Amino acid sequence: MALAVDTTVDAAAADFLALSKEFAKFEEQNKTYVSHLDAVYTSQSKNLKDLSHHKYRLAQISESLKKLKDLSPDEKVILENLKIELAQRKAQLNDIAGTLPAKNNIYLRIVLGNVNVSLLSKAERFKYKDEYERFKLVVTVISTIWSFCNLFLFEHRVMDAAFHFLLVWYYCTLTIREGILRMNGSKIQPWWVAHHYISTFQAGVLVTWPDTVIYHAFRNQFFYFSLYLGLVQMLQYRYQHGQLYKLKALGERSSMELTVEGFHSWMWRGLGFLLPFLFGGYFLQLYNAYTLWNLSKDPRCHEWQVGICAIVFFVLFLGNTVTTLIVVKRKFQQGLRTEAEKVTKYKST
1 MALAVDTTVD
11 AAAADFLALS
21 KEFAKFEEQN
31 KTYVSHLDAV
41 YTSQSKNLKD
51 LSHHKYRLAQ
61 ISESLKKLKD
71 LSPDEKVILE
81 NLKIELAQRK
91 AQLNDIAGTL
101 PAKNNIYLRI
111 VLGNVNVSLL
121 SKAERFKYKD
131 EYERFKLVVT
141 VISTIWSFCN
151 LFLFEHRVMD
161 AAFHFLLVWY
171 YCTLTIREGI
181 LRMNGSKIQP
191 WWVAHHYIST
201 FQAGVLVTWP
211 DTVIYHAFRN
221 QFFYFSLYLG
231 LVQMLQYRYQ
241 HGQLYKLKAL
251 GERSSMELTV
261 EGFHSWMWRG
271 LGFLLPFLFG
281 GYFLQLYNAY
291 TLWNLSKDPR
301 CHEWQVGICA
311 IVFFVLFLGN
321 TVTTLIVVKR
331 KFQQGLRTEA
341 EKVTKYKST
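Structure representation (structure tokens):
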């Protein structure tokens, strides 16, 4: 028996010796990795300094051009060409800036501190964006099912409060993830960013609403609204995701473009059928505001949450409607200009 133990120990010692030789190679490999990483951060710092320098010098040149007066015809031609080159250089600098770490915005600095949230590679950025999209879809599906259950299967304030807590967590997480995505090249309209901050605030107010007669007078209407909103958002995701995939393949949209709750200009082609569903949701927000405002005047109402939620729903309705109408108007005007150009070209031929 002792011989068997010795043999086992010898085998383990031999295995460890072989592993130690592999570890020596791995240790050297890790040292190389660390040195390369240090070189990357050193290069990043230099690139950021050079970027600031070029932006500063371009701004100086642009300011000096504004002061020029009484130019000869030849000088005016040179000036116009220089302005074009300056605009091109600014665009090039913006492209370069997109590959470098950016300073966190105020919200991210408050939540995360000065942690660098810039992702180094395009693959990492796209992976993070894809995870963000999946996160939105999963939580939307959960909240839609939960709304249905609260409406038709059970009516309990604890389940309602848990649903509102889910919304608070969801919108808080969404604002952080969107902040990181914006730092890494994703473009989101300012209103939709503000929309999520406002929705976070509203969900927090709903959590604190006590279980009263007024709460139950609005409860079912709110969950019908949440159910409709969830279904529309799933419909949007389904069609936006496919449309974005096509546009990215054609090179017409950035790989960091996001699906949104609202309506963007790129959605006009092929996704115009979503507009009635969106405006239906906006109308329900207005109806919620109207209902809550009337409930706030009820003699039985003593909760401050009612009036606040009425105002928030109205702000969301107004912001969503105006933002969407601006996009629709802009696309309509572009369509008219395109048709006018076609007519002019046809007449000239």
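Numbering (our numbering), first residue to last: 1 to 349.
The beta carbon of each residue, even a glycine, is placed where N, CA and C say it ideally should be.
Nothing here was measured: the structure is a model prediction, and the numbers come from that model.
The Cβ neighbour count for Cys149, taken over all protein chains shown within 10 Å, is under 16; the residue is labelled exposed. The criterion of a C-beta distance shorter than 8 Å is not satisfied by Leu166 and Asn220. Relative to Asn104, the option among Asn114, Ala97, Thr144 and Ser62 whose CA is nearest is Asn114.
According to the DSSP assignment, Val168 belongs to the alpha helix (DSSP H) that extends over Arg157 to Met183. Collapsing the DSSP output to three states places Phe154 in coil. Looking from the CA of Ser147, the closest CA among Ser226, Arg300, Glu22 and Gln189 belongs to Ser226. Taken atom to atom, the span from the alpha-carbon of Thr144 to that of Tyr228 is near 8 Å. Using a Cβ-Cβ distance cut-off of 8 Å, the region 273 to 290 and the region 305 to 322 are in contact, since at least three pairs of beta carbons, one from each stretch, lie closer than that value. Here Asp298 carries a coil assignment [DSSP, helix/strand/coil]. Note on geometry: alpha-carbon atoms of Arg125 and Ile78 lie some 41 Å from one another. For Gly204, the enclosing alpha helix (DSSP H) covers residues Pro190 to Thr208. Under the DSSP assignment, Asp95 falls in the alpha helix (DSSP H) whose first and last residues are Pro73 to Ala97. Of the other Cβ atoms in all chains shown, 16 or more fall within 10 Å of the Cβ of Leu284; this residue is therefore buried. Taking C-alpha positions only, Phe222 is separated from Leu295 by approximately 14 Å. In the three-state DSSP reduction, Val115 falls in the coil class, being neither helix nor strand.
The residues Leu100 and Pro101, in chain order, have a CB closer than 8 Å to that of Leu48 in the same chain once the five nearest residues on each side in sequence are set aside. At the C-beta level, Leu58 and Lys90 come within 8 Å of one another. Three or more Cβ pairs closer than 8 Å define a contact, and the region 115 to 135 falls short of that threshold against the region 203 to 213.
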